[in-house]
Amino acid sequence: MRGSEPNPGERIKDVRFTADTMAVDLVDGRTIIVPLAWYPTLLDATPEQLRNWRVSGGGYGIHWPELDEDLSSEGLLRGAPAVPLPVSRHI
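With the sequence shown counted from 1, adding 133 to any position gets you this note's numbering.
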């Protein structure tokens, strides 16, 4: 269980993109890679909009001003998509 204080190592160092993923480097050396499909706003953004990010939330968040999108290192580490993933139904 997490305490109320964030881990200093979970601060954002860098953000990079491929055609279908986002990689977030943390100051402790870890890299979180998530599919852009989890974040439709980012998936639909232009490369220029994706590059226009800022560290926010005391170092624990990422903000895209043009997109009005915010993510946190805590949410990324939990593997929390912005929208629920479709559930496969077997009939």
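Glycine included, C-beta positions come from ideal geometry on N, C-alpha and C.
| task | Please state whether DSSP places Trp197 in a helix, a strand or coil. | result | Indexing the sequence shown from 1 puts residue 197 at position 64. In the structure shown, Trp197 sits in a strand (DSSP, three-state: E or B).
| CA-CA distance, Leu210 and Met155? | Position 77 of the sequence shown, counted from the first residue, corresponds to residue 210. Position 22 of the sequence shown, counted from the first residue, corresponds to residue 155. Using only the alpha carbons, I get a separation of about 13 Å.
| task | Go to Pro144, then tell me how far its beta strand (DSSP E) extends in each direction, as first and last residue. | result | Against the sequence shown, residue 144 aligns to sequence position 11. The question names Pro, yet the displayed sequence has Arg at residue 144. Boundaries cannot be given for Arg144, as no beta strand (DSSP E) includes it and DSSP labels it neither H nor E.
| request: Pull up the distance between the alpha-carbon of Arg144 and that of Gly192, whole angstroms please. | output: Numbered from 1 along the sequence shown, position 11 holds the residue referred to as residue 144. Numbered from 1 along the sequence shown, position 59 holds the residue referred to as residue 192. C-alpha of Arg144 to C-alpha of Gly192: approximately 5 Å in a straight line.
| task | Provide the residue(s) that pair with Asp158 in DSSP beta bridges, ordered along the chain. | result | Position 25 of the sequence shown holds residue 158. Answer by DSSP bridge pairing, in chain order: Asp147 and Thr164.
| request: Return the Cβ separation of Asp147 and Pro168 in integer angstroms, given the expectation that the two are a contact with Cβ distance under 8 Å. | output: Residue mapping note: residue 147 aligns to position 14 of the sequence shown, counting from 1. Residue mapping note: residue 168 aligns to position 35 of the sequence shown, counting from 1. Incorrect: roughly 18 Å between the Cβ atoms, too far for contact.
| query | Three-state secondary structure (DSSP) at Glu181? | reply | Position 48 of the sequence shown, counted from the first residue, corresponds to residue 181. In the structure shown, Glu181 sits in a helix (DSSP, three-state: H, G or I).
| query | When we look at the beta-carbon of Ala178 and count the other beta-carbons within 10 Å, is it buried (16 or more) or exposed? | reply | As a first step, residue 178 is located in the sequence shown; it is residue number 45 there, counting from the start. Residue burial annotation: Ala178 is buried, with at least 16 other C-beta atoms found within 10 angstroms of its C-beta.
| Helix, strand or coil: which one does DSSP assign to Glu202? | Numbered from its first residue, the sequence shown carries residue 202 at position 69. Strand.
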